[in-house]
Amino acid sequence: MDNTNAIGIESVKAEKLAEKLNELLANYSIFYQNTRGAHWNIKGEKFFELHVKFEELYNDLILKIDELAERILTLGFTPEHNYSKYAAGSSIKESSEVTNGIRAVENILNSFKMVIMLQREILVLSADADDEGTNALMSDYIREQEKLVWMYSSFLNR
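With full-length UniProt numbering applied, the sequence shown closes on residue 158, and no number is skipped along the way.
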């Protein structure tokens, strides 16, 4: 009896990966909406700079959300799509700090920390499952996001 999915990954391991990817999807979805809110509502002397940076970020996040959903489907499972489940399953919480640039950037940095840590957990699972597709995706995300953490931290003089 074959215990692998359509792409040759052990079914039990694929299921664990899909569960963790759905958790990451929830976090990305809340991160996206928080960033979108900051983009819409930012005020103050750094408005023009932050308004553009937040738009760049939410455009990137929406692409990652789609890639995560497609990866879950590739593993043979269903990506979650309900915001109520996102809110319940996300470590990132909805933010009401969307007008103050410093607070918004701090929120973005905290969100990056959470998704990077979760992506590292997924890397361990994907390595164990010999799932190069998920592994490559997480590695790419982490590399990009670590650089963004440096940039946003520099904005805050940290």
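Cβ coordinates follow ideal geometry from the N, Cα and C atoms, glycine included. Just so it is clear, the structure is predicted and the values come from calculations on it, not from any experiment.
Spatial distance of residue i from residue j (CA atoms)
| i | j | result |
| --- | --- | --- |
| Ile108 | Glu10 | 35 Å |
| Val149 | Ala69 | 24 Å |
| Glu94 | Asp2 | 43 Å |
| Asn22 | Lys147 | 24 Å |
| Ser139 | Phe47 | 32 Å |
Beta-carbon proximity list for residue i, same chain, < 8 Å, skipping 5 on both sides
| i | result |
| --- | --- |
| Tyr58 | Tyr32, Thr35, Arg36 and His39 |
| Leu156 | Ile102, Val105, Glu106 and Leu109 |
Under the three-state DSSP convention, the category residue i falls into
| i | result |
| --- | --- |
| Asn82 | coil |
| Lys64 | helix |
| Thr99 | coil |
| Ser154 | helix |
Sheet register partners of residue i (DSSP bridge)
| i | result |
| --- | --- |
| Thr4 | Glu10 |
| Lys43 | Asn100 |
Quick one: any contact between the region 13-31 and the region 44-52, if contact means 3 or more CB pairs under 8 Å? These segments do not touch.
Below 8 Å, can you find three or more Cβ-Cβ pairs linking the region 4-19 to the region 63-78? With a cut-off of 8 Å, the region 63-78 and the region 4-19 count as touching, because enough Cβ pairs lie within range.
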